[in-house]
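Using full-length UniProt numbering, you'd call the opening residue of the sequence shown number 1 and step up by one each time.
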Amino acid sequence: MLSLRSLYQIGHGPSSSHTMGPAKAAKRIKLEYPDVTRYEITLFNSLALTGKGHLTEIAIEDTLKPATVTFQNKIDLEKHANTLIFKGYIYDQLVVEKEVKSVGGGRILFVGEEDVEKEIYPHHTFREIKKYCLEKNISLYEYVLEVEGEGILDFLREIWDAIKAAVERGIQTEGTLPGPLKVTRKAKTLYEKKMKNEPAEVLENRLVSAYAFAVSEENAAGGVIVTAPTCGACGVLPALLYYMHKKHKFISEERVLQGLAVAGLFGNLIKYNASISGAVAGCQAEVGSACSMAAAAHATLFNLSIDQVEYAAEIAMEHHLGLTCDPINGYVQIPCIERNAVAALRAIDACGLSYFLSDSRKISFDMVVKTMYETGLDMHTSYKETSLGGLATNYDKHKDDNCW
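Laid out in structure tokens, this is it:
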């Protein structure tokens, strides 16, 4: 598995695989081939079908000018779900042609070339990690520090600062999100709209939801967020961490970093053994993974055992199995923003169940990750970030009332 530095990335939304990844690929090609005078880029599959809503074209053209971007709207099952082909010319002569896969979380792979990122984790399943930790009598957090080495806490502080900034911008911002859906930003309303004699559980739901909406709306507006593990699921873990830090005095910023580290470990396991890409495995791979990470973080914040942390993460993923990715018009807005809030609340519930029931569980985290990936591969392409099925096709923008 790769470092947490590869999982958590600070960048502009609205999509890690459709915006950040293509932009990163374009920057690398421009650096390697500075004499190219013009580019032709073809997008395939999910990138082509939802690229407009994800600002893929703009992300590429901002780096490679002049550039012509073509959307190949016919599904090509022989290619990765997020494939780009770059052709670079010096005047009329083709001098470079590269095929690139944007595999999720902003990570890119150049086909036929060695991966520039190196694995640092010696263990690749949670079972192996747990066995190692129990033998050495160390926590999951201490395991992350041991593997990641010097500088990881400074990195996690930088990530936490970016998370806080995204939440705090989002809860203060009003207006309408870009795109044809004209979605009104709701985080500020959720944050400020108190009920008379508001019960504690309602207050918790409202604030956690407000924080999730805040980050997700920042992402949808192209603001700076942290991939956790992706842009489309960027509101789940931040909402939980920010809420718990504000609510409980004993959850210091140092404790938050512990939660962030353990959450990243679970995200890394999912990324390595399955996928965090909606185009590969549906929204279960994005919001489901984020919920699993948040549940693990929540359990860590409260010093639960390794078994309880695992069970919290497993419950969170298990109950997202089969979740489709069907963004309306290809924008990371509907149903994505609400889905982040629901998942943040579900992470809290998953941790609560794990506290009471971990000694009777039957399903391991490794098993549910394997199941999620198999489910994603079986899922029809229409439900994997192509906007060819589900809400994306049932929504009628011409109706005055879509709540039929």
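Where a beta carbon is used, it is the ideal one built from N, C-alpha and C, also for glycine.
Since the model is a prediction, treat every value here as computed from it, not as a measurement.
Burial state of residue i (16 or more Cβ within 10 Å)
i, result
"P180", "exposed"
"K193", "exposed"
"E218", "buried"
"D366", "buried"
"T189", "exposed"
"Q172", "exposed"
"L177", "buried"
"T70", "exposed"
"G88", "buried"
"E310", "buried"
"K182", "exposed"
"L134", "exposed"
"T56", "buried"
"M372", "buried"
"I340", "The question names Ile, yet the displayed sequence has Asn at residue 340. Flag for N340 reads buried."
"L31", "exposed"
"P14", "buried"
"M195", "exposed"
"residue 407", "For residue 407 there is no data in the structure shown, the boundaries of the chain being 1 and 404."
"V116", "exposed"
"Q93", "exposed"
"T63", "buried"
"G149", "exposed"
"L265", "buried"
"L304", "buried"
"L203", "exposed"
Close beta carbons around residue i, own chain, < 7 Å, minus the five adjacent residues each side
i, result
"C336", "S216, G232 and P327"
"R255", "L301"
"V147", "I120 and Y121"
"S46", "A81, N82, A279, K384, E385 and T386"
"L153", "L257"
"N73", "A48 and L49"
"D76", "F44 and N45"
"residue 482", "Since the first and last residues shown for the chain are 1 and 404, residue 482 lies out of range."
"K27", "T63"
Residue i versus residue j: straight-line alpha-carbon distance, rounded
i, j, result
"E201", "L345", "11 Å"
"Y121", "Y395", "44 Å"
"L263", "L237", "The amino acid at residue 263 is misidentified as Leu; the sequence shows Ala. C-alpha separation (whole angstroms): 8 Å."
"T184", "A285", "27 Å"
"H54", "T42", "15 Å"
"A313", "G104", "20 Å"
"Y355", "K247", "20 Å"
"E151", "S252", "The question names Glu, but residue 151 in the sequence shown is Gly. About 20 Å."
"E40", "L109", "19 Å"
"G288", "I90", "45 Å"
"I129", "V111", "31 Å"
"D349", "K118", "36 Å"
"residue 430", "I29", "Residue 430 is absent from the structure shown; the chain starts at 1 and stops at 404."
"P229", "V36", "34 Å"
"E168", "Y272", "32 Å"
"L269", "G259", "16 Å"
"E198", "E338", "22 Å"
"H320", "M1", "23 Å"
"V368", "K65", "44 Å"
"C291", "E318", "10 Å"
"G330", "T393", "11 Å"
"E78", "G51", "19 Å"
Proximal residues to residue i (C-beta, below 6 Å), its chain only, five neighbours per side dropped
i, result
"residue 429", "Nothing can be reported for residue 429, as the shown portion of the chain is limited to 1 through 404."
"M20", "G11 and G106"
"M244", "I251 and L301"
"S17", "N82, S102, G104 and S277"
"E99", "I85 and V111"
Min CB distance residue i to chain C below 7 Å
i, result
"A81", "Looking at the structure shown, chain C is missing, and only one protein chain is on hand."
Inter-residue CB distance, residue i and residue j (contact presumed, cutoff 8 Å)
i, j, result
"Y33", "V95", "7 Å"
"S165", "A187", "The question names Ser, but residue 165 is Ala in the sequence shown. The pair is not a contact, with the Cβ atoms about 14 Å apart (cut-off 8 Å)."
"C351", "A299", "5 Å"
"A316", "A295", "4 Å"
"L241", "I159", "L241 to I159, Cβ: 10 Å. No contact."
"H124", "Y132", "Actually they are not in contact, since the Cβ atoms of H124 and Y132 sit about 12 Å apart, beyond 8 Å."
"R5", "F155", "6 Å"
"Q308", "S364", "With 8 Å as the limit, Q308 and S364 do not qualify as a contact, their Cβ atoms being about 13 Å apart."
"residue 414", "G267", "Nothing can be reported for residue 414, as the shown portion of the chain is limited to 1 through 404."
Residues near residue i in its chain [Cβ-Cβ closer than 8 Å; skip 5 each side]
i, result
"Q333", "L177, G179, L181, V183, A220 and P327"
"I306", "K130, C133, L134, S139 and L140"
"K24", "G106 and I108"
beta-carbon residue i near the ligand ATP non-hydrogen atom, thresh 6 Å
i, result
"G288", "Judged by which ligands are present, the structure shown has none, so any question about the ligand ATP falls away."
Alpha helix (DSSP H) runs wholly inside the stretch 207–251, at least 4 long, in chain order: 236–247
Unbroken stretches of the alpha helix (DSSP H), 4 residues or longer, contained in the stretch 142–172: 152–170
Runs of beta strand (DSSP E) wholly within the stretch 1–49 (minimum 3 residues, chain order): 10–12 and 38–45
Runs of alpha helix (DSSP H) wholly within the stretch 355–399 (minimum 4 residues, chain order): 365–378 and 391–394
Within the stretch 80–144, ranges of the alpha helix (DSSP H) (whole runs, at least 4 residues): 126–136
Any beta strand (DSSP E) of 3 or more consecutive residues that is wholly inside the stretch 265–340: List check, beta strand (DSSP E) in window: nothing returned.
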